[in-house]
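Protein chains: 2
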Amino acid sequence: MAVDGELSRTSLPEQIKDRILAQILAGEYRPGDRLVELRIAEEMQTSQAPVREALRELEALGVVECQRNKGTRVRTVSGAELREMYDVRAQIEGYATELAVRAGAPSKSMLNALLRNMRAAARANDAAGFAECNSAFHRAIVEAAGNGVLRDVWETLNIKARTMVNVSRRTRGLVELADSHRVIIDAIATGQPTTARRVAIEHVLANKPADTED
Amino acid sequence: MAVDGELSRTSLPEQIKDRILAQILAGEYRPGDRLVELRIAEEMQTSQAPVREALRELEALGVVECQRNKGTRVRTVSGAELREMYDVRAQIEGYATELAVRAGAPSKSMLNALLRNMRAAARANDAAGFAECNSAFHRAIVEAAGNGVLRDVWETLNIKARTMVNVSRRTRGLVELADSHRVIIDAIATGQPTTARRVAIEHVLANKPADTED
DNA sequence: CTAGCATGGATCATCGATAATCGTGAACGA
DNA sequence: TCGTTCACGATTATCGATGATCCATGCTAG
Chain Y
1 MAVDGELSRT SLPEQIKDRI LAQILAGEYR PGDRLVELRI AEEMQTSQAP
51 VREALRELEA LGVVECQRNK GTRVRTVSGA ELREMYDVRA QIEGYATELA
101 VRAGAPSKSM LNALLRNMRA AARANDAAGF AECNSAFHRA IVEAAGNGVL
151 RDVWETLNIK ARTMVNVSRR TRGLVELADS HRVIIDAIAT GQPTTARRVA
201 IEHVLANKPA DTED
Chain C
1001 MAVDGELSRT SLPEQIKDRI LAQILAGEYR PGDRLVELRI AEEMQTSQAP
1051 VREALRELEA LGVVECQRNK GTRVRTVSGA ELREMYDVRA QIEGYATELA
1101 VRAGAPSKSM LNALLRNMRA AARANDAAGF AECNSAFHRA IVEAAGNGVL
1151 RDVWETLNIK ARTMVNVSRR TRGLVELADS HRVIIDAIAT GQPTTARRVA
1201 IEHVLANKPA DTED
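From first to last, the protein sequence lines stand for chains Y and C. All residue numbers in the first sequence are consecutive under our numbering, ending with 214. All residue numbers in the second sequence are consecutive under our numbering, ending with 1214.
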């Protein structure tokens, strides 16, 4: 029953979670907005319990914030926190890139293909598609590192980052941003772990937002 | 109502979570054991809902594993995953230590005090207490880094519970393990971020479990 | 006029019951 | 004997309702 017309192959809380997340990413919910369990339950034609579970999962993702007896709201991310996140991501991706090179992967052709997709989305000015391709590119590297724990950490940071993109909208430079991934591919191709690590770190930090108070 | 005789200052799911966690760490539940919601609910004199929530939190901690429609069981952490975790943790703590030094903290006297506690627990052969002090020591450094995102990532690795299982295997050598933290304090005291980072990484990797298949 | 307290609505937390699902083992036929 | 089907017990997933808590509002006393 409930939210999907089809057979539900995924659990109800999962569906609700994805839908709320989509709404947040689409800007239907803004930071600070309250997410009232019974209201959402009614919207989704379910009861309170699955909604509650979905909200807890979103909290684990760092997308929303639950306060005991006081409800759930979309998290507000300050510019400072956003910059913190870039610093951490830089380290994670740097390490992942180093490991990936040591493991002899990923293949240059695969990364090139992913980069082509990214450039296509950039030229089409498709921000959502670009974000998707960008994630896919970096994920490929992290996967190639062969460390499951590292991948999990990266995934949670990635989701968090994407929810924050709303705040700092970059309307320009998508194509340039796509092209800036080229150096990562080249660095990986050199086969030098330390170099690749440094380049990956620099790539992330280069996109770290400036310290403007907002 | 329910599990505590006193006023409950912490939420019911939280209490249940802590209690189950304690039981797992005490070996009352062994890896692979099933955690049946209604049975636990009865044991704790509550209903199913809070138990369910507690189990989800434990899953987020990586202590148990929930399978859709099939229940929850105590997770087996493979040696491989544990080693992966140490690798990631080494990078996280290395970076944290570097940041902490750059920030001019934490104070040597505070770290010394934490180390004294750790040694006391080690001499008393108190594995649980040791894990507590150990995580407090490392947490102090991570906190001193002043990066909230970094701290969250570190927390999700759940060092405390992990070292508990890891440490309880090795019944002796706790004192040496405690003393091995001395070099970290010294490295921080030098005020050289790069050195401190290297030492911190080496410290974690030195305690990374060996590659024995288990 | 203001601080403190009582009251009520909104919402979260918890409950007990029901529906959906899974695994198991017995019954059955080839 | 062996594979298949099916009904049953166990457990999870979901529901609707109730209790508990928070917050805002308005009242009262000083």
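Glycine included, C-beta positions come from ideal geometry on N, C-alpha and C.
Under the DSSP definition of a beta bridge, which residues are partnered with residue i?
| i | result |
| --- | --- |
| Y/THR10 | Y/THR10 pairs with nothing; no bridge assigned. |
| C/LEU1035 | C/THR1072 |
| C/CYS1066 | C/THR1072 |
Taking 7 Å as the cut-off, decide whether the C-beta atoms of residue i and residue j are in contact.
| i | j | result |
| --- | --- | --- |
| C/VAL1064 | C/THR1072 | yes |
| Y/PHE130 | Y/LEU157 | no |
| Y/PRO106 | Y/ALA140 | yes |
| Y/ALA145 | Y/LEU114 | no |
| Y/ALA178 | Y/THR97 | no |
| C/VAL1153 | Y/VAL153 | yes |
| C/ARG1083 | C/LYS1208 | yes |
| Y/ILE16 | Y/PRO50 | yes |
| Y/ARG52 | Y/GLU42 | no |
| C/ALA1189 | C/LYS1108 | yes |
| C/THR1195 | C/ALA1187 | yes |
| Y/ARG68 | C/SER1011 | yes |
| Y/TYR86 | Y/VAL204 | yes |
| Y/ASP270 | Y/VAL74 | The requested residue 270 of chain Y does not occur in the structure, where chain Y is confined to residues 1 to 214. |
Check whether the Cβ of residue i lies closer than 7 Å to any Cβ atom in chain C.
| i | result |
| --- | --- |
| Y/SER135 | no |
| Y/ARG162 | no |
| Y/SER11 | yes |
| Y/ASN158 | no |
| Y/ASP18 | no |
| Y/ALA60 | yes |
| Y/VAL167 | Unreliable placement is indicated for Y/VAL167, whose pLDDT of 44 sits below 50; the coordinate value is still reported in the next sentence. Judged by the 7 Å Cβ criterion, Y/VAL167 is not in contact with chain C. |
| Y/ALA2 | Only weak support is given to the placement of Y/ALA2: the predicted model assigns it a pLDDT of 40, under 50, and the value that follows is read from those uncertain coordinates. So, not an interface residue. |
Which whole-angstrom value describes the C-beta separation of residue i and residue j, a residue pair presumed to lie in contact below a C-beta threshold of 8 Å?
| i | j | result |
| --- | --- | --- |
| Y/ASN117 | Y/CYS133 | 5 Å |
| C/ARG1197 | C/GLY1094 | 5 Å |
| Y/ILE92 | Y/LEU25 | That pair is no contact at about 22 Å. |
| Y/ILE159 | Y/LEU61 | 5 Å |
| Y/ALA161 | Y/ARG89 | 7 Å |
| Y/GLU57 | Y/PRO13 | 7 Å |
| Y/GLU81 | C/GLY1148 | 6 Å |
Could one say the Cβ of residue i lies closer than 7 Å to chain Y's Cβ atoms, at least one of them?
| i | result |
| --- | --- |
| C/GLY1071 | no |
| C/LEU1150 | yes |
| C/ARG1139 | no |
| C/VAL1153 | yes |
| C/ARG1198 | no |
| C/ARG1068 | yes |
| C/ASN1251 | Lying before the first or after the last residue shown, residue 1251 of chain C is absent from chain C, which here runs from 1001 to 1214. |
| C/VAL1204 | no |
Chain C contacts made by the segment 81-103 of chain Y, where a contact means CB separation under 7 Å: Interface annotation for the segment 81-103 of chain Y against chain C: GLU81, GLU84, MET85, ASP87, VAL88, GLN91, TYR95, criterion Cβ-Cβ distance under 7 Å.
Got a sec: which bits of the segment 1022-1053 of chain C sit with their beta carbon under 9 Å from any beta carbon on chain Y, in order along the chain? Listed in sequence order: ALA1049, ARG1052, GLU1053.
Quick one, which residues of the segment 108-127 of chain Y are near chain C if we go by CB-CB under 9 Å, in chain order? So the list is empty, because no residue satisfies the distance condition.
Relative to chain C, which residues along the segment 178-202 of chain Y have a C-beta separation below 7 Å, given in chain order? For chain C, none of the residues of the segment 178-202 of chain Y brings a beta carbon within less than 7 Å of one of its beta carbons.
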